[in-house]
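Residue numbers (the working numbering), protein chains in the order written: chain E, 535 to 790; chain C, -8 to 817.
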């Protein structure tokens, strides 16, 4: 088998603020293709801010630092171009768009990143069927308005479905497990693991160890107060589950 | 060489917002007076009752003050308008399309009317200013007793029905503009469907205002007798702006923003915005004499061309058989013609790319090597080092010397030359990183991917001539010696089109032919599969006979035009894959344009609808008036026992629109369904709404109003829900949603509820929404640019309305909104 192309997403010294308040205080993080990375940490530690800042949410201002995807400066790009460059964000609270069917939305988004030469409707349709199957989703959802009236679980699955459709180089999933029952966590976790390609990387933001059982992350990082305070392997997640975040707070050296 | 546009007529931007020469057979003096009203009646040879009705209405009009409760109408100067202008003599309404004067026929053909008649509708009426120029109904409907004619004719031919209903639903003294209409009305549709008859397919009418300061005051009366059913559609569509934004799905979908393309003057320009949309309808397949240049696009997409009829020797002979007058052709000015109107034999304009940028690093040796590389060159890694090898036919030693010399000049070392007798060829090779890079950079990587760099494509034509010469020489398929044609074959589609373009710059039009992939079995049993190949060829020494050289390009005749039905994104997308480059280089993409007149026009119609017991009527309107029109319309229906009246009313365009379709529910169990949409942009006020007046028990009404205001436009919902004493068991639901994508625009809601029965079930919802930053961010995070994201949100908002429209109208709506959004953001 030929080796999958390598990609890296490098975040260096990232500072970001929301409404004038600094939330990220120098995040350093490197993601590599082929790996699943978990980002944990207490509420308010800046996990979601990091996700939004990377995607380019207008309310999140990056004040210092860099973020590059294979050397390409992500922060210089508008949101849509970050997406086309290969970045994906699975939202914790996805938006609803009335009257825009899920299928039309998926197709439109898919078309955005394929040239006429390399995309075709048949593949799109087949893949979509496969992904719906993985996620145990009812195809009738495709005809409904995007996220409108969807249950919490359906919304999370739709995020994963979008990730599957767009096949990003790096996907950030912001709490894909929040608000889900045990079965749903498992189905989402297993699907994400199944969809993980050797040439792509995934960053999962979560509070809980539960979903990581299925995702089996290669690395675990813990954010505390706007910086990555602790990094380790999969066992770190278990340790956190047992000891709580206070243990990290106590043990971490504050950022200089 | 400076680009000259003198040969090309600019696009007729006013294709729909256009105006025709004002030639009228009958026209009253400007302004309004009792004498004018009498003259109109006299011209129409009306019965006395109608003349008196007009005069009574006129008196009321004079007395009645302007409405002061809505948008300002101060700019309306009633004396500035012409109240009656008819291109035909009165009573001259045509039943046969061919009988219409050419200019009017053109106008409506541009609007797609005859097509609509053929394909979709049971009957079609067309009104041009005051005159109804055309009315036709399908014979089978006529036999069932369905009447569809203009109202003037109806007054003469069906006086009993007209007298029974005319002015009874909308009395002349209802409002100032109903009084005006009642005084000066002309044209409009009259529909009568006899008891129990289902008219089935929709009847459709089009209206347009052509002349400056001519008012249009049509009067429409629709009666569905007991148990009858009819769907009537009126359109004032489309303004051409939206269809000219370049909706050639094929090229646009394959382009990206910032990409360089060549416009119709042969000058480089860049793509600023790309769009994708679903499509349901015919695509036009155009195959020029050069088969490989076939392309598809939507019927309305403008293509720069010279119609054969412009340059024929004789006008009388049929187009296919007539020769072309060379002198006429030499002076012909290409113009933009919608693809749907192109015919075989018409000439397409193929511009020559003019941009030239020299690059001194590419001299004769480099171009020589590149030429041979295109023909039979391979870049490879030999013993861990970069190398390039070439295969040259064995019996052409001069080519070997030529190539070897060039390689030596670049690399400083002589190449190895190794005869390959089995292949009847000589292999020439050199290990050189520089040459390896040169070939891959400027000539592409492998056979199917051979492609010239932009640098090469932009070189001055003299340098490109060197490259072409070597390429043709090196290519095994050159038939130079046979003396018939120059040609090269390649499996790279890109390269074929590039060579065609390079030849054009040499003043030669080369055609592209396609050989489909096939497999063959050799004598020794080996099976060889051949990829799809493209042959670029031109007759030796001269031009392609059918192709004509013009100063800035070529006129290439069309061999075949076909229509292929397509539906949905899927095919639309598939189409895109088959033809990108040529289209981009061949035809330019247009932006939108300005309206027609600076002074305003007035449209004051009255529509009366009667649904007798058990009848069903749907009245669909999609209007997109020019932005200088005051559109003040009174629309009202009376619904009797168990009848259903549906208004589907879309209002776009106009300076000011005031329109409140109403249903008076007068019989037990009558139902009303009113769905209205307003879209107001800069400088526009759309004041619309609905009225449901319940005067009988067990009646129900549903009102849904949707409005969008952008760029400082204003929309208002003004609605009345009236439930009379005695009307028990009424159900009524009102929902009005407004969407404001920006902070400049405005939307107001003025609901009036007068409810005199306590048992009524009434719901009322009103929501004014903004398109949230979060929503846009969400869609953009999936790769959609900001304006596409907003467009999707807007179309989603209108989906409920769009799905009620015939497909053509829904598409126009989509395109209009896309157009209006252009530049509204970012």
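Don't be surprised by glycine CBs; every beta carbon is placed ideally from N, CA and C. All values derive from a computational prediction rather than experimental measurement.
Short Cβ contact (7 Å threshold) for residue i with residue j
| i | j | result |
| --- | --- | --- |
| residue 633 of chain C | residue 612 of chain C | no |
| residue 182 of chain C | residue 219 of chain C | no |
| residue 55 of chain C | residue 28 of chain C | no |
| residue 697 of chain E | residue 624 of chain E | yes |
| residue 602 of chain C | residue 215 of chain C | yes |
| residue 622 of chain C | residue 648 of chain C | yes |
| residue 161 of chain C | residue 597 of chain C | yes |
| residue 277 of chain C | residue 636 of chain C | no |
| residue 671 of chain C | residue 168 of chain C | no |
Per-residue contacts from residue i into chain E (C-beta, under 7 Å)
| i | result |
| --- | --- |
| residue 643 of chain C | The premise fails here: residue 643 of chain C is roughly 18 Å from chain E at the closest Cβ pair, so nothing lies under 7 Å. |
| residue 775 of chain C | 614, 642, 643, 646 |
Partners in chain E for residue i, counting only beta-carbon separations shorter than 8 Å
| i | result |
| --- | --- |
| residue 789 of chain C | 633 |
Inter-residue CB distance, residue i and residue j (contact presumed, cutoff 8 Å)
| i | j | result |
| --- | --- | --- |
| residue 546 of chain C | residue 338 of chain C | 4 Å |
| residue 616 of chain C | residue 626 of chain C | Contact flag wrong, Cβ pair sits at about 15 Å. |
| residue 714 of chain E | residue 686 of chain E | 7 Å |
| residue 768 of chain E | residue 754 of chain E | 6 Å |
| residue 358 of chain C | residue 490 of chain C | About 14 Å; that fails the 8 Å criterion. |
| residue 750 of chain C | residue 720 of chain C | 6 Å |
| residue 527 of chain C | residue 503 of chain C | 5 Å |
| residue 139 of chain C | residue 591 of chain E | About 57 Å; that fails the 8 Å criterion. |
| residue 406 of chain C | residue 398 of chain C | 5 Å |
| residue 669 of chain C | residue 691 of chain C | Not confirmed; about 24 Å, so no contact. |
| residue 538 of chain C | residue 430 of chain C | Actually they do not touch by this definition, with Cβ atoms about 33 Å apart. |
| residue 736 of chain C | residue 703 of chain C | 6 Å |
Any C-beta of chain C under 7 Å from that of residue i
| i | result |
| --- | --- |
| residue 727 of chain E | no |
| residue 743 of chain E | no |
Proximal chain E residues relative to residue i, where beta-carbon distance stays under 9 Å
| i | result |
| --- | --- |
| residue 772 of chain C | 589, 590, 591, 613, 614, 616, 617, 621, 622, 623, 625 |
Closer than 7 Å to chain E by CB, residue i
| i | result |
| --- | --- |
| residue 784 of chain C | yes |
| residue 387 of chain C | no |
| residue 769 of chain C | yes |
| residue 442 of chain C | no |
| residue 766 of chain C | yes |
| residue 809 of chain C | no |
| residue 255 of chain C | Note that residue 255 of chain C scores 43 on pLDDT, short of 50, meaning its location in the model is unreliable and no value can be drawn from it. |
| residue 797 of chain C | no |
Closer than 9 Å at the beta carbon, the chain C residues around residue i
| i | result |
| --- | --- |
| residue 679 of chain E | 787, 790 |
| residue 673 of chain E | Simply none; closest approach about 16 Å. |
| residue 628 of chain E | 769 |
Where residue i meets chain C, residues with beta-carbon distance less than 8 Å
| i | result |
| --- | --- |
| residue 700 of chain E | 773, 774 |
| residue 539 of chain E | In chain order: nothing, as chain C lies at least about 17 Å away. |
Subject >> Segment contact flag, the segment 705 to 712 of chain C with the segment 727 to 745 of chain C, C-beta cutoff 8 Å, min 3 pairs >> reply: Three or more pairs of CB atoms, one per stretch, sit closer than 8 Å, so the segment 705 to 712 of chain C contacts the segment 727 to 745 of chain C.
Original post:
Would the segment 757 to 767 of chain C and the segment 727 to 736 of chain C be scored as touching if the rule is three or more Cβ pairs under 8 Å?
Top reply: In short, these stretches touch, since the Cβ pair count reaches three.
Original post:
Should the segment 715 to 728 of chain E be called in touch with the segment 541 to 557 of chain E, which here means at least 3 C-beta pairs below 8 Å?
Top reply: Too few Cβ pairs lie closer than 8 Å, so no.
Subject >> At least three beta-carbon pairs within less than 8 Å, the segment 507 to 515 of chain C to the segment 453 to 468 of chain C >> reply: Verdict: no, contact absent.
Original post:
Taking three-plus beta-carbon pairs below 8 Å as touching, is the segment 580 to 598 of chain E in contact with the segment 693 to 708 of chain E?
Top reply: yes
**OP:** Tell me, please, whether the segment 766 to 775 of chain C touches the segment 612 to 627 of chain E by the rule of three or more beta-carbon pairs shorter than 8 Å.
**Re:** yes
Original post:
Using 8 Å as the Cβ pair cut-off and three pairs as the minimum, do the segment 628 to 645 of chain E and the segment 593 to 610 of chain E touch?
Top reply: no
Original post:
Are there three or more Cβ pairs, one per stretch, closer than 8 Å when the segment 650 to 662 of chain C is compared with the segment 680 to 689 of chain C?
Top reply: yes
Subject >> Any 3 or more C-beta pairs closer than 8 Å across the segment 619 to 637 of chain E and the segment 556 to 571 of chain E >> reply: no
Original post:
Would you call the segment 372 to 389 of chain C and the segment 480 to 487 of chain C in contact, with 3 or more CB pairs under 8 Å?
Top reply: no
Original post:
Are three or more beta carbon pairs between the segment 383 to 397 of chain C and the segment 441 to 453 of chain C nearer than 8 Å?
Top reply: Flag = no, the segment 383 to 397 of chain C and the segment 441 to 453 of chain C do not touch.
**OP:** Determine contact between the segment 545 to 564 of chain E and the segment 673 to 685 of chain E, defined as no fewer than three beta-carbon pairs at a distance below 8 Å.
**Re:** no
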